[in-house]
Amino acid sequence: MNYEGKRVTILGLGREGTALARVMVKGGARVTVSDVKDEGQLSNALASLAGLPIRYLLGGHPEGVLDADVIFVSPGVPREVPILAEARRRGMELSSETALFFELCPAPIVGITGSSGKTTTTSLVGEMMKAQGLQTYVGGNIGAPLIELVGQIRSDDVVVMELSSFQLENLERSPHIAAVLNLSPNHLDRHPSMDAYVAAKKNILNYQSADDFAILNADQEATRGLADTCAGSVLFFSRVRRVDQGAFL
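With this note's numbering as the guide, the letters of the sequence shown map in order to residues 425 to 673.
Dropping the structure here:
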């Protein structure tokens with residue numbers, strides 16, 4: 425990663441945006457942060473960035489957002505906001521903290537998504553990995569953003585990530601091991617339809633290779649059907665019946 429001297433805009437000053445701003449400043453980028461909230465609403469985030477050479481565009485996303493070589497979009501920012509539509513029209517590079525972490529992480533990633541149970545499952549898998557003596561990093565939609573830790577992660581470590589539909593919708597990489605726990609209507613105030621929500625979730629599988637693994641819920645038709653387009657090995661889990669490849673819980 426070399427962003428030294430580059431103009432970087434970060435849309436959204438939540439957990440991911442704040443962590444990414446620190447990383448980009450440390451890397452020598454010229455950082456702009458924009459958020460629809462105002463200074464008073466962002467007081468804690470701004471305090472954590474105090475003293476850093478960052479340009480702030482708060483209370484909306486003005487045209488100055490586009491004065492950038494790359495725009496990093498935080499998960500809480502809808503992809504349909506007008507400034508992003510204009511960025512896409514101009515052919516600008518769009519990315520995210522999650523995408524950058526996937527690009528830089530040298531260790532295998534276990535990604536877990538679903539409409540419910542993600543946090544519990546991610547935490548349990550992380551503890552299982554630690555119990556095997558593996559140096560394990562747990563994050564994504566829970567805990568501290570992993571982008572600030574990527575420099576200390578080694579190739580023989582393991583990363584376990586909870587991945588929401590917001591983090592997945594623009595992601596063009598998939599984890600080495602991807603689990604889809606279940607699919608039910610969720611976040612339809614953000615996604616225009618159930619099909620769009622499922623399409624976002626499917627990105628956890630879409631970029632896998634033959635060397636990767638998909639773990640799917642055999643008890644739900646929506647998740648079971650994802651196996652048809654998986655490039656890697658597919659394993660199922662079920663609470664009601666035995667499965668040929670996978671686990672009967």
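All residues carry an ideal CB built from backbone N, CA and C; glycine is no exception.
* Asked: Excluding the five sequence neighbours on either side, which residues of its own chain have a C-beta within less than 6 Å of the C-beta of residue 458, listed in chain order?
  -> 435, 481, 485, 489
* DSSP puts residue 431 in a beta bridge; with which residues? -> 454
* Buried/exposed call for residue 521, threshold 16 Cβ in 10 Å -> buried
* Counting only runs that start and end within the region 593-651, where is the alpha helix (DSSP H) found for 4 or more residues in a row? -> 618-630, 645-648
* Asked: Leaving out five residues before and five after residue 537 in sequence, what residues of the same chain have Cβ atoms less than 8 Å from its Cβ?
  -> 586, 587, 588, 589, 592, 602, 603, 604, 605, 625, 628
* Asked: Cα separation between residue 479 and residue 577?
  -> 30 Å
* For residue 456 and residue 511, the rounded distance between their alpha carbons -> 15 Å
* Could you tell me which residues DSSP puts in a beta bridge with residue 659? => 639
* Asked: Just the Cα atoms here: how many angstroms apart are residue 644 and residue 599?
  -> 22 Å
* Please determine if the region 547-562 and the region 645-664 are in contact, where contact requires at least 3 C-beta pairs separated by less than 8 Å. => no
* DSSP state of residue 575, grouped into three classes? -> helix
* Just confirm the distance between the C-beta atoms of residue 445 and residue 473, as a whole number of angstroms; I'd bet it's less than 8 Å. => 6 Å
* Asked: In terms of residues, what are the limits of the beta strand (DSSP E) holding residue 585?
  -> 582-586
* Asked: Do the CB positions of residue 525 and residue 570 come within less than 8 Å of each other?
  -> yes
* Range covered by the beta strand (DSSP E) that runs through residue 563 -> 560-564
* Buried or exposed (CB count within 10 angstroms, at least 16 for buried), residue 443 -> buried
* What span of residues does the alpha helix (DSSP H) with residue 467 cover, start to end? -> 467-472
* To do: Assign residue 450 to buried or exposed, taking buried as 16 or more other Cβ atoms, counted over all protein chains shown, within 10 Å of its Cβ.
  => exposed
* Asked: Which whole-angstrom value describes the C-beta separation of residue 498 and residue 440, a residue pair presumed to lie in contact below a C-beta threshold of 8 Å?
  -> 5 Å
* To do: Please check the pair residue 494 and residue 517, which I expect to be a contact at CB under 8 Å, by giving their CB distance rounded to whole angstroms.
  => 4 Å
* Asked: For residue 662, which residues from the same chain have a beta carbon less than 8 Å from its beta carbon, with the 5 sequence-adjacent residues on both sides left out?
  -> 641, 642, 643, 670, 671, 672, 673
* Does DSSP put residue 509 in a helix, in a strand, or in coil? -> helix
* Asked: Sorted by chain position, which residues of the same chain lie with C-beta nearer than 8 Å to residue 568's C-beta, five sequence neighbours on each side aside?
  -> 439, 443
* Asked: For residue 579, does the count of other Cβ atoms within 10 angstroms reach 16, so buried, or fall short, so exposed?
  -> exposed
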